[in-house]
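Below: the structure, in structure tokens.
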Amino acid sequence: MSDNPIGASYVYLLEPEVRFLEAAVEHLIPTDELGAGARDACVVVYIDRQLAGSWGTHGRQYRSGPWMDGTPQQGYQSRFTPQEVYRIAIREINQHCRAAFDRPFAQLSPGAQLSVLKQLEKDEIALPSMSSKFFFDLLWRNTEEGYFADPLYGGNRDKVGWKLLGFPGVPSSNYRHLITSSEPYNAEPVSVLDVQSGKVPVDAEGFPKHVMIKPNKEN
Amino acid sequence: MSATKLKPVDVVVVGSGVVGSIMSMELASAGMSVVCLERGRSIDVNTDFHKPDVYDELKYDRHSDIFQNLSRDTLTFRNNDAQTALPMRELGAFKPGEMVGGTSAHWGANARRFLPHDFEMRSQIQQRYGKSFIPEDCNLQDWGVTWDEVEPYYDQFENIFGVGGKAGNLNGEIQAGGNPHEGPRSREYPNPPTQATYEGSLFGDAARSLGYVPFQGPTAAMTQDFRNLYRTQMLECAHGGFCSSHVCAQGAKANPLVAVFPALSRLPNFELRPLCNVLRVNTDSTGKKATGVTYIDARGNEVEQPASIVILGAYCFSNTRLLLLSGIGTPYDPRTGKGVVGRSYAYQQGGSVNVFFDDREFNPFFGGGMVNTSIDELNGDVIDRGPLGFIGGAYVDVAARGAAPIKGKVVPPGTPAWGAEWKKAVAHHYRRNLRISIHATCLSYRHNYLDLDPTYKDAFGLPLLRMTFDWNDNDLRMMNFMNERCTEIGRAMNGSGIGGKGKGTHFSMVGYQSTHNVGGAVMGSDPSTSVVNKYLQSWDVPNLFVVGGSAFPQQPANGPTETIGMLACWTADAIKESYVRKPGSLV
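Residue numbers (my numbering), protein chains in the order written: chain C, 1305 to 1523; chain R, 10 to 596.
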């Protein structure tokens, strides 16, 4: 399904978790006439790789106790790492869905899924181990990252997030001449992955040459 | 385990950022033996910041290994004394650096001098409006230096960092094209100014129609290839974005790695020691003389480096914390208002007004290099504060943002936070808006301060620094005023919509704001309200100099880096010209 060699393989996430996340992220950034949504952009692959890496285990974050809830202004205060947050929260949300609807989140109707997500966002579902809003906010943050970060990280398949915006990715050496221009600059986006994998050559300065495209039609 | 004691050197410098690198360069060039200790790793700009790897928003904006590694050392934070401070577990509001080159390696290149007013804010406000105009709990104070004293050192720093701009005031004569409200400059900028972007021109026209005087603000991203005062070479900015939070792969954004270290590392009497964590400044039995510093080296050994002069040139937080850990100076007590170390912590106020268009399309990904069109009429004390009822000001600009796709999207107020409508909005508006940014003062208050946390420890078992900080009524009133003025300018651009970025009434650690943290070891002329004198020399320990953002008594609008660099030049000169001839207090 992907031109990305990472494909749809999962290092940390378990299959039922993948199903949960694919269903959830598709509501957060849906597929529509503007292009692929988060599921088809492989945002769940992105989340999996983040959870498996240093960020997922909070390798560079302060992790010592004591732990308290704190105020909203004090930020992340969970004693759980992102890996643990996803595993615990997905299990507990599925338990909630089974109790309320007799099936896990991924098997609910799209309308019911959307309603559960909105409840999570408003902290209206009382999960046993954490605030549902806390999980929702983390999921949204990672979804947005996965949709718009360099495809190097497994998401933003085919640079769909960048095409949606008209963001050209790795800059060309031309910007220096165009910085005062009032003409819209429209180029096929280039990713770090494109350069690393040899799909796009670079000039002597190390900048890729952009392939210009016609301006996007009004969206 | 006892510390390994090394041979004494003339000077030991803690930190290798703007302050550490420039002071090392100045003092080593004068013939002194200098050792510079840096907690972060050493950097080879050609391999560490290689194209295309640098053009990665996720890596450098969110997960960067050039920011402070919080697993070893962070700070705790609360809005007020009634709360329990909790650790900053992940980076949010600000991003202190951890590498050779320091925080300034990833700065935004905004290279503004402060205004003359900023150095004498208390006395000038008091004279113009009366003492009762200053909020009772505000620590507003003068710096102990004046514009005329420090102007040559701004000039020196600008010739090290290759600042580009157009003078607005040359020796008292107002110059067309520059900022008419800046302090008198002794000469032009070393590099030419930037040129206005499309967005900048729209802003400039709108501002001019309302009576403001727009100009191209200064930048420390090279506006042409440039060889600086130390004969190091920097290249012209390519405006590829990925600027603030990133280190420039082009070598175009001045920072210690490209502006100082290529020359500094050639000096035989200079030694850089990376991966060394300083634990404390040592003093002799009188407590009045520093004998050197103790640190943990890369292999985990405890090492004592004796020195005749100790310079704390680290980030605001580290400078203050090292003083507290070393028992130098009286810690500030917010209940009595007495004591000085940790007193007058301040931050930076900021906000923005976005103007949306249906009929204009921009290239928001161009930029970086601080290409900005600015106005300064709202800054300093230019317009009468009397009827406004607040102290402080802002400069306002439209800068080429290099808007990156994760964090650089803007949608009109009322847009859903996610889902199909949000997706449509980001697609439509990403290239059809411009941002008017407000960069504003943050005053110091009695109840905003730094001290040692009673509970949380760093990886060496030492207490974390604790920050107690919140916004204040004066600053919030000032920001409301600035938002109203920027909304007027925005409306004059005839966009399809306008929206400000709302800010809570409480300072929050969540979401990036600015890495402009200042105070805690402030400079001044009175030892009861300052840690260091006008030469950044400790009142208590005259062979200790504490230099950096930590010395700011409050935060002016203009961004701290240029003034931090200026203070490094100023202090180095005082040491070279006065202190070494007659060691002891310089005042």
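Built from N, CA and C at the ideal position, the CB exists for glycine as well.
Practice problem: Flag Gly1510 of chain C as yes if its beta-carbon sits less than 8 Å from any beta-carbon of chain R, otherwise no. | Solution: Closer than 8 Å: yes.
Quiz item: Do you know how far the Cα of Leu1442 of chain C is from the Cα of Ile1333 of chain C?
Solution: 15 Å
Quiz item: Can you tell me whether Met1305 of chain C is buried or exposed, with buried defined as 16 or more other CB within 10 angstroms of its CB?
Solution: With a pLDDT of 40 at Met1305 of chain C, under the threshold of 50, the predicted position of this residue should be treated as unreliable, though the coordinate-derived value follows. With fewer than 16 other Cβ atoms within 10 Å, it is exposed.
Exercise. Anything in chain C within Cβ reach of Val519 of chain R, meaning under 9 Å, just list it in chain order.
Key: In chain order: Pro1376, Gln1377, Gln1378, Gly1379 and Tyr1380.
Quiz item: If you check the beta carbons only, do Ser1477 of chain C and Asp1507 of chain C fall under 8 Å apart?
Solution: Going by C-beta atoms, Ser1477 of chain C is nearer than 8 Å to Asp1507 of chain C.
Quiz item: Applying a beta-carbon distance threshold of less than 7 Å, which residues of chain C neighbour Met532 of chain R?
Solution: Here the premise fails: no neighbours, minimum Cβ distance about 30 Å.
Self-check item: Phe128 of chain R vs Thr155 of chain R beta-carbon contact at 8 Å
Solution: yes
Exercise. Note down, in chain order, each residue of its chain lying with its Cβ closer than 6 Å to the Cβ of Asp82 of chain R, except the 5 sequence neighbours on either side.
Key: Asp467
Exercise. Output the distance between the C-alpha atoms of Leu79 of chain R and Gln1378 of chain C, rounded to the nearest integer angstrom.
Key: 15 Å
Quiz item: Under a CB-based cut-off of 8 Å, is Met34 of chain R close to chain C?
Solution: Chain C has no Cβ within less than 8 Å of the Cβ of Met34 of chain R.
Self-check item: Contact with chain R by Pro1370 of chain C, beta-carbon distance below 8 Å
Solution: yes
Quiz item: Expressed to the nearest angstrom, what Euclidean distance is found between the alpha-carbon atoms of Ala629 of chain R and Glu167 of chain R?
Solution: Past the boundaries of the shown model lies residue 629 of chain R; chain R is included only from 10 to 596, so the question cannot be answered.
Quiz prompt | 6 Å CB neighbourhood of Asp151 of chain R in its chain, flanking five on each side removed | solution = For Asp151 of chain R, the CB contacts under 6 Å within the same chain, skipping 5 residues up- and downstream, are Glu129, Arg131 and Ser132 in chain order.
Quiz item: Under a three-way DSSP split, which group does Val267 of chain R fall into?
Solution: helix
Self-check item: Simplified DSSP state of Asn567 of chain R, which is helix, strand or coil
Solution: coil
Quiz item: Any idea what DSSP makes of Ser517 of chain R, helix, strand or coil?
Solution: Coil.
Quiz item: For the region 419-431 of chain R, which residues have a beta carbon sitting closer than 9 Å to at least one beta carbon of chain B?
Solution: Looking for chain B here will not work: the only protein chains present are C and R.
Quiz item: Roughly how many angstroms separate the alpha carbons of His1514 of chain C and Ala1491 of chain C, rounded to a whole number?
Solution: 6 Å
Quiz prompt | Three-pair Cβ contact test at 8 Å for the region 1338-1348 of chain C versus the region 54-67 of chain R | solution = no
Practice problem: Spell out the partners DSSP gives Gly174 of chain R in its beta bridges. | Solution: DSSP, once it has assigned bridges, lists no residue as partnering Gly174 of chain R.
Practice problem: Mind checking who Asn481 of chain R pairs with in its DSSP beta bridge? | Solution: None, per the DSSP bridge assignment.
Exercise. Specify the secondary structure class of Ala1256 of chain C as computed by DSSP and reduced to three states.
Key: In the structure displayed, chain C extends from 1305 to 1523; residue 1256 of chain C sits before or after that span and is not available.
Quiz item: Nearest chain R C-beta to Arg1461 of chain C closer than 8 Å, yes or no?
Solution: no
Exercise. Determine the closest residue to Thr241 of chain R out of R:Met97, R:Leu266 and R:Leu219, with distance taken between C-alpha atoms.
Key: It is R:Leu266 whose Cα lies nearest to the Cα of Thr241 of chain R.
Practice problem: Please confirm whether Gln259 of chain R and Ala247 of chain R have their CB atoms less than 8 Å apart. | Solution: Closer than 8 Å, so yes.
Quiz item: Pairing CB atoms from the region 400-411 of chain R with CB atoms from the region 440-452 of chain R, are three or more of them under 8 Å?
Solution: yes
Self-check item: Option nearest Val28 of chain R by Cα separation, candidates R:Asn264, R:Asn442 and R:Phe374
Solution: R:Asn264
Quiz item: So with Cβ pairs under 8 Å, would you call Gly24 of chain R a contact of chain C?
Solution: no
Exercise. Show which residues of chain R have a CB atom less than 8 Å away from the CB atom of Leu1469 of chain C.
Key: Near Leu1469 of chain C (Cβ distances below 8 Å), the residues of chain R are Pro414, Lys418, Val435, Ala436, Tyr439 and Arg440.
Quiz prompt | Counted within 10 angstroms of its Cβ, other Cβ atoms place Ala1430 of chain C as buried (16 or more) or exposed | solution = exposed
Self-check item: Neighbourhood of Gly336 of chain R by C-beta, 7 Å cutoff - its chain only, sequence neighbours within 5 removed
Solution: Here the set comprises nothing.
Practice problem: Check Asp462 of chain R in the structure and name its three-state DSSP category. | Solution: strand
Quiz item: Are there 16 or more other CB atoms within 10 angstroms of the CB of Phe469 of chain R, so buried, or fewer, so exposed?
Solution: The residue is exposed, with fewer than 16 neighbouring Cβ atoms inside 10 Å.
Self-check item: the region 102-121 of chain R / the region 132-147 of chain R touching (three or more Cβ pairs under 8 Å)
Solution: Segments in contact, no.
Practice problem: Mark Pro96 of chain R as exposed unless 16 or more other C-beta atoms lie within 10 angstroms of its C-beta, in which case mark it buried. | Solution: buried
Quiz item: Is there at least one Cβ from chain R nearer than 8 Å to Lys1503 of chain C's Cβ?
Solution: no
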